[in-house]
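In what follows, a structure is listed as structure tokens, so that the remarks can point back to it.
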Amino acid sequence: MAPRPPLPLPGQGPGGRSEMAAAAAARRRAAAFLFSSAVRHRSSQSTAAQEGLVAKTSLTSPPWPEVKLPDPAEEAKYHAEVVQKVNNMIAAGQYGRLFAVVHFASKQWKITSEDLIMMDNVLEAECGDRIRMEKVLLVGADDFTLIGRPLLGKELVRVEATVIEKTESWPKINMRFWKRHNYQRKKIITNPQTVLRINTIEIFPCLS
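Residue 1 is where the sequence shown starts when you use UniProt numbering, and the numbers rise one by one after that.
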């Protein structure tokens, strides 16, 4: 009786080598996946540790104290209280003597009641005419100041003035001379001037 041939070991039969290669490739892929996930976890932990450990410098912690912004609700409430208080003072007339800064004839003038201002300019208004200065930049009192951005409203402040004089400036002599050439020229220069008297500075309780 002939001996029985030995049974093939795993991986030695037909197609066994391909199965072993596939299993080895699967193991390598699993190991690579585990390694990459471990590396990512470690890198995230190191990044978190680096973010927690920040060097103390003038940029991360400046030497000046921290500025705390006011609460918008409290700020709006305080603004309303101040506006109401100023309106009450204006309505009662308890603001004392007013002064104003106006823009007139390409210049800014700080004025108060009964002031005289003289400008090197010609106005179309005649002597005795009453005019209104509409470009008011600022109005101040004893306890408050109203500042325009850039101008105050016409319904809030009214500044009036009267033209009291239209004259000329003191004459200036312009002399040109060329020696040994018998050349001599003289020119007298005068500029028109207008004098205004500030009559009234009035404000009205219409702040908002």
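Built from N, CA and C at the ideal position, the CB exists for glycine as well.
Computed from a predicted structure; not experimentally measured.
Could you tell me which residues DSSP puts in a beta bridge with residue i?
{"i": "N174", "result": "K187"}
{"i": "I117", "result": "L196"}
{"i": "T112", "result": "F99"}
{"i": "V146", "result": "Sequence inspection shows Leu at residue 146; the Val mentioned does not correspond to that position. Beta-bridge pairing links L146 to V139."}
{"i": "F104", "result": "K107"}
At a cut-off of 8 Å, is residue i close to the ligand NAD when judged by its beta-carbon and the heavy atoms of the ligand?
{"i": "I188", "result": "Although the ligand NAD was asked about, the structure shown includes no ligands whatsoever."}
Comparing C-alpha positions only, which one of the options sits nearest to residue i?
{"i": "L98", "options": "G140, I131, E81, R29", "result": "G140"}
{"i": "K186", "options": "T57, K172, A25", "result": "K172"}
{"i": "A100", "options": "D115, S106, E66", "result": "D115"}
{"i": "E168", "options": "P192, L152, L156", "result": "P192"}
{"i": "I164", "options": "K179, L196, H181, Y183", "result": "L196"}
{"i": "I117", "options": "A73, G96, N199, P63", "result": "N199"}
{"i": "D143", "options": "C127, R29, G93", "result": "G93"}
{"i": "A125", "options": "A26, W178, T194", "result": "T194"}
Closer than 7 Å by C-beta to residue i: which residues in its own chain qualify, once you throw out the five before and the five after it? Chain order, please.
{"i": "H103", "result": "K135, L137"}
{"i": "M133", "result": "V102, F104, V159, A161"}
{"i": "K110", "result": "F99, V101"}
{"i": "L151", "result": "K135, V136, L137"}
Going by DSSP in three states, residue i sits in which element: helix, strand or coil?
{"i": "Q94", "result": "coil"}
{"i": "N199", "result": "strand"}
{"i": "H181", "result": "coil"}
{"i": "E19", "result": "helix"}
{"i": "E75", "result": "helix"}
{"i": "V139", "result": "strand"}
{"i": "K68", "result": "coil"}
{"i": "K85", "result": "helix"}
{"i": "A26", "result": "helix"}
{"i": "A80", "result": "helix"}
{"i": "A55", "result": "coil"}
{"i": "D125", "result": "In the sequence on display, residue 125 carries Ala and not Asp. Coil, per DSSP."}
{"i": "P205", "result": "coil"}
Could you check where the beta strand (DSSP E) with residue i kicks off and where it finishes?
{"i": "K166", "result": "157–168"}
{"i": "K135", "result": "Premise fails: K135 is in no beta strand (DSSP E) and is neither H nor E."}
Taking 8 Å as the limit between beta carbons, can you name the residues of its chain near residue i, skipping five residues before and five after?
{"i": "V157", "result": "A100, V136, V139, L146, I201, E202, I203, F204"}
{"i": "E155", "result": "F204, C206"}
{"i": "T112", "result": "R97, L98, F99, A100, I198, I201"}
Here's a check: name, in chain order, each residue in its chain whose Cβ is nearer than 6 Å to the Cβ of residue i, leaving out the five neighbours to either side.
{"i": "R176", "result": "R185"}
{"i": "T122", "result": "For the sequence presented, residue 122 should be read as Val rather than Thr. If we look at V122 and ignore the five residues flanking it on each side, its Cβ neighbours are P192."}
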